[in-house]
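> Going line by line, the protein sequences match chains Y, H and D. Residues in the first sequence are numbered consecutively from 3, following our numbering. Residues in the second sequence are numbered consecutively from 3, following our numbering. Residues in the third sequence are numbered consecutively from 3, following our numbering. Virtual Cβ for every residue (Gly too), placed ideally from N, Cα, C. Have a look at the structure that comes next, please.
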Amino acid sequence: MLDTAANPQLNAHGELLHLLSIEGLPRDVLMRILDTAVPFSEVAEREVKKVPLLRGKSVFNLFFENSTRTRTTFEIAAKRLSADVINLNINTSSASKGESLLDTVDNLAAMQADMFVVRHASSGAPYLIAQHLAATQREHIRVINAGDGRHAHPTQGLLDMYTIRHYKKDFTNLTIAVVGDILHSRVARSQIHALITLGVPEVRVIAPKTLLPIGVERMGVRVFNDMKEGLRGVDVVMMLRLQNERMQGALLPSPQEYFKSYGLTPEKLALAKPDAIVMHPGPMNRGVEIDSAVADGKQAVILPQVTFGIAVRMAVMAMLGGG
Amino acid sequence: MLDTAANPQLNAHGELLHLLSIEGLPRDVLMRILDTAVPFSEVAEREVKKVPLLRGKSVFNLFFENSTRTRTTFEIAAKRLSADVINLNINTSSASKGESLLDTVDNLAAMQADMFVVRHASSGAPYLIAQHLAATQREHIRVINAGDGRHAHPTQGLLDMYTIRHYKKDFTNLTIAVVGDILHSRVARSQIHALITLGVPEVRVIAPKTLLPIGVERMGVRVFNDMKEGLRGVDVVMMLRLQNERMQGALLPSPQEYFKSYGLTPEKLALAKPDAIVMHPGPMNRGVEIDSAVADGKQAVILPQVTFGIAVRMAVMAMLGGG
Amino acid sequence: MLDTAANPQLNAHGELLHLLSIEGLPRDVLMRILDTAVPFSEVAEREVKKVPLLRGKSVFNLFFENSTRTRTTFEIAAKRLSADVINLNINTSSASKGESLLDTVDNLAAMQADMFVVRHASSGAPYLIAQHLAATQREHIRVINAGDGRHAHPTQGLLDMYTIRHYKKDFTNLTIAVVGDILHSRVARSQIHALITLGVPEVRVIAPKTLLPIGVERMGVRVFNDMKEGLRGVDVVMMLRLQNERMQGALLPSPQEYFKSYGLTPEKLALAKPDAIVMHPGPMNRGVEIDSAVADGKQAVILPQVTFGIAVRMAVMAMLGGG
């Protein structure tokens, strides 16, 4: 992973230049993003779901790793801001002609790009791009990390915070559990950094030992290996997706065994506060990490997360690219 | 196939909510679509081929089965109505992550979709989606079936009706033959339902026994196994595409044999009325179901079908989504 | 290769109908394109990078050969002209259903296309399309060749001319070398025709004998097999990409050997004039045909080429399709 000590996502005045990671963003920047998203969530309710904030801007969806779902949310957000959107699935293109990441970036920058939305299998790729743009005097091109390796997925983290604030109003009196494959999850990293920064007094992680990063406690979380214990009295349950590729192999016994211990069932959910909400970044593995009765139940706010995700992405794009 | 008795494509006032199948649509709805398409066919002749009817609306092309041609016609139609279009080829995306059809639909609905254009290999998938949207109080999202399994391809049926009306003015004095692989053809099903509903007095199907569904007569058609007999005196010849996958296997002897018996040649066409028109949904297998001399001949209206197809799709989209 | 004697890209008044090849275009047409591109390069510097010249027009990117990079430049150019852009990667679509090139063209024409941007592995395919459109009375649909086989890549040639004029002002006092795999390069063909037409007094080609077409001298160029000799005193070095597929096989010893003889290093570049510029159509094979010290050095104008490429493509599209 890159050294991100020199935080390239903020300028000298502490204003957002890029969105690369939640780690390193101060509370007031996070709150400003959430506040900006509120009116955008109203745009989506209108007859004409469009505002001209990014009219004539070129937004490039640079997906070095396939993800139709995430790409779609950014594409919609950019189109509702009236930007021109260019989708690039790079594994099937120049990369296969042997061009390097930075040559690709240089080329797209030369096409007068205004914004890169980057998904990459390697942790740190969006940082590398942002640093390269700075080094080549093109920091007017903004970078949004749409998920890099196991590192970060900051817009997912932000939409989760928007969702929590929407339902719970205040972060400073909550107990929140993040459940599942913490070890491999960029989503979990972004969520935990955001929760801590926003002042959530108790953040718990619940996972088998094999799916916990070593030293996770230093992030400021309490660790639980027993799900029932960990869920007791929480206000928010944030489930993680169990990647299919983890289900085979040495880390886990079987999807059925996993579900028994770490799947969210109505019985386990009953241990949380009665008004606890259940979140999931999607796509869900029903019957693996979550029971359908919970996924479709009254406490689930999984679909509102998606809706808020569009508003949050519009807010980030507008803040970065709105001139 | 789903039970479509409860017709979810019409509301209590008999207005079109979704376009799922021609079966079950009354004559006046079909005529209203055809009438609405007329001015849209003029939009395409203008210098600026655009009207703002769907401005700010989000149209999702949900293609679970690859079809560049059909997707393109819907994409053009939506863009000429000023909609924002998002193309999703789902076989390569969430579906491969194991997400169910309805979870995908829920997610896209949560992104404030206005319209789903659905192509699916399974008969009934668009019905399932429409019923699910109703069950979840989101019937404001409209569904257009762009071809489902062997079931229906209603916009193809409608553009065929538009074409016939354009050239023949009146449906109620025509003899029309549908020729080819009736058994596997969703196009044939939609055509036959439309022709019968619009009052065509004699609808014939011409096919070898192995390519006819059992009990096809109950649809109201006359069956011919001999093409020369079946073409005698018809006003319209509607050829079907012979799917490549049918050409191997037990149902057919060989493409050459098929062409000899059921390929439309100038000689066979001479048995129809002198002013008979020849239609084909495309893409054509020249030399298999149709001779190039016919495909490119004076009686062919195959390219006008494509042109009218854009207008008909614009009409359907405008009726469903125009507020 | 097709007989292009009857030049279908100019009408009876010598005006541009299609852009198929630089060969056969008179000097004043080339100059008019370059002049038209100048204001478009300023559009890209604006806050709102959009002009309404092609509003309501349908531009089809017809890519029968995959090229994300080239497709992207045309897509951006068309969107900045406010056109509706439809991307079609035909290898995965109708073509796989066995539809012929001309049937595909007929179909898209019937959808009221205004412009086809065509990339095809077969030399002459865009000519074939233009001739077919003329034969079927649809010459109002304009064709732009985005690279056909080994034949031509005219917008690349034009953007190269724009770049040379930008840095060197006048073509008529220059010595220019084109270096690399001339034999297989459509880019080289377009460049050489353009340079000769625009009055460059000395055009050199530098390549090993195995990568030179027989009789290349008849194009009006001086041939050098020794790179050092060929570079002596030139104003412009135009490097070509060495296709990966050439690196294996009998034509070349190895990438390392090739680099030793024909790779552009600072040492070799020192033989050119001190103010010589270095060009490359991209994507570059660093360490094969060009040293990184040169690619990223002060004399390289490789990224400006990309920027000018958008302006030149906008100019061509506006001239062809702007009414």
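Anyone know if the C-beta pair for Y:I312 and Y:A46 falls short of 8 angstroms?
In contact: Y:I312 and Y:A46 (Cβ atoms closer than 8 angstroms).
> Among all the DSSP beta bridges, which residues are the ones paired with D:A302?
According to DSSP, D:A302 bridges with D:V280.
> Given a cut-off of 8 angstroms on the beta-carbon distance, is the pair D:G182 and D:M221 in contact?
No.
> Looking at the strands, I want to know which residues DSSP matches up with H:F226.
Beta-bridge pairing links H:F226 to H:I208.
> Does the segment 188-207 of chain H come into contact with the segment 263-274 of chain H, if we say contact requires no fewer than three beta-carbon pairs (one atom in each stretch) closer than 8 angstroms?
No, the segment 188-207 of chain H is not in contact with the segment 263-274 of chain H.
> Compute the distance between the beta-carbons of D:V31 and D:F76, then report whether it is under 8 angstroms.
Going by C-beta atoms, D:V31 is not nearer than 8 angstroms to D:F76.
> Nearest to D:K81 by alpha carbon, out of Y:I92, Y:T70, Y:P306 and Y:V61?
Minimum Cα distance to D:K81 is reached at Y:V61.
> How many Å lie between D:E67 and D:L273 at the Cα?
Taking the straight line from one Cα to the other gives about 38 angstroms.
> Is the beta carbon of Y:Q307 closer than 8 angstroms to that of Y:T165?
Going by C-beta atoms, Y:T165 is nearer than 8 angstroms to Y:Q307.
> So is Y:K230 buried or exposed if we call it buried at 16+ other beta carbons inside 10 Å?
Classification of Y:K230: exposed, given that the 10 Å Cβ count is below 16.
> Verify the CB distance criterion: does D:A127 have a CB-CB separation below 8 angstroms to chain H?
For D:A127, the answer is no, since every Cβ of chain H falls outside 8 angstroms of its Cβ.
> For D:T309, which residues in the same chain have their Cβ closer than 8 angstroms to its Cβ, ignoring the five residues on either side in sequence?
S43 and A46, listed in sequence order.
> Using a Cβ cut-off of 7 angstroms, pull out every chain D residue sitting near Y:I88, in sequence order please.
Correct list: T74, E77 and I78.
> Quick check on DSSP: helix, strand or coil for D:F173?
Here D:F173 sits in coil by DSSP.
> Determine contact between the segment 144-156 of chain H and the segment 16-24 of chain H, defined as no fewer than three beta-carbon pairs at a distance below 8 angstroms.
At 8 angstroms Cβ cutoff, the stretches touch.
> For the beta strand (DSSP E) that contains D:D86, what are its first and last residues?
From DSSP, the beta strand (DSSP E) with D:D86 extends over D86 to N91.
> Quick one: what's got a C-beta closer than 7 angstroms to D:L197's C-beta in the same chain, skipping five residues either side?
The residues are I178 and V205.
> Assuming Y:I24 and Y:A154 are in contact, meaning their beta carbons sit under 8 angstroms apart, how far apart are those beta carbons, in whole angstroms?
Correct: roughly 7 angstroms between the Cβ atoms.
> Which residue from H:V218, H:G201 and H:T70 puts its Cα closest to that of H:P285?
Comparing Cα-Cα distances from H:P285 to each of H:V218, H:G201 and H:T70, the minimum goes to H:T70.
> Quick check on DSSP: helix, strand or coil for Y:N147?
Y:N147 falls in the strand class under three-state DSSP.
> Determine the extent of the beta strand (DSSP E) in which H:F118 is found, giving its start and end residues.
Per DSSP, H:F118 belongs to the beta strand (DSSP E) from M117 to H122.
> Measuring only from the beta carbon, is D:A14 closer than 7 angstroms to any heavy atom that is part of the ligand NAP?
Ligands displayed in this structure: none; no statement on the ligand NAP is therefore possible.
> Kindly list the residues whose CB is nearer than 6 angstroms to the CB of H:D116, restricted to its own chain and excluding five residues on each side of it in sequence; keep chain order.
Excluding sequence neighbours, H:D116 sits near K59, S60 and G323.
> Have a look at D:R188 and D:Q133 and give me their C-alpha separation to the nearest angstrom.
Their Cα atoms are separated by approximately 21 angstroms.
> Can you give me the C-alpha to C-alpha distance between H:T138 and H:V107, rounded to a whole angstrom?
The straight-line gap from Cα to Cα measures roughly 11 angstroms.
> Among the candidates Y:A14, Y:G26 and Y:D37, whose CA atom is the shortest distance from the CA of Y:A317?
Closest option to Y:A317, Cα to Cα, is Y:D37.
> Would you call the CB atoms of H:L12 and H:T199 closer than 8 angstroms?
Their beta carbons are not under 8 angstroms apart, which means H:L12 does not touch H:T199 by this criterion.
> Starting from Y:N63, follow the alpha helix (DSSP H) in both directions and report where the run begins and ends.
Unbroken run through Y:N63 is the beta strand (DSSP E), S60 to F65; no alpha helix (DSSP H).
> Can you tell me which of D:R243, D:M281, D:P283 and D:I279 puts its alpha carbon nearest to the alpha carbon of D:G289?
That would be D:R243, whose Cα lies nearest to the Cα of D:G289.
> Among the candidates Y:L213, Y:R48, Y:D237 and Y:A295, whose CA atom is the shortest distance from the CA of Y:P255?
Ranking the options by Cα distance to Y:P255, first place goes to Y:L213.
> H:I312 versus chain D: which residues are under 9 angstroms apart at the beta carbon?
Within chain D, the residues near H:I312 are A112, M113 and Q114.
> When you compare each of Y:S124, Y:H15, Y:L233 and Y:R191 to Y:D277 by their alpha carbons, which one comes out closest?
It is Y:L233 whose Cα lies nearest to the Cα of Y:D277.
> List the residues of chain Y whose Cβ lies closer than 9 angstroms to the Cβ of H:S43, in chain order.
Going along chain Y, no residue has its Cβ under 9 angstroms from H:S43, so there is no contact; the nearest lies around 26 angstroms.
> D:G149 touches chain H at which residues, Cβ-Cβ below 9 angstroms?
Neighbours of D:G149 on chain H: none; closest Cβ ~20 angstroms, over 9 angstroms.
> Sort H:V225, H:V202 and H:N63 by Cα distance to H:K211 and report the nearest one.
Measuring from the Cα of H:K211, the nearest candidate turns out to be H:V225.
> In chain order, what residues of the same chain have a beta carbon less than 6 angstroms from the beta carbon of D:R57, not counting five sequence neighbours either side?
Closer than 6 angstroms at the Cβ level, and outside the excluded window around D:R57, lie S84.
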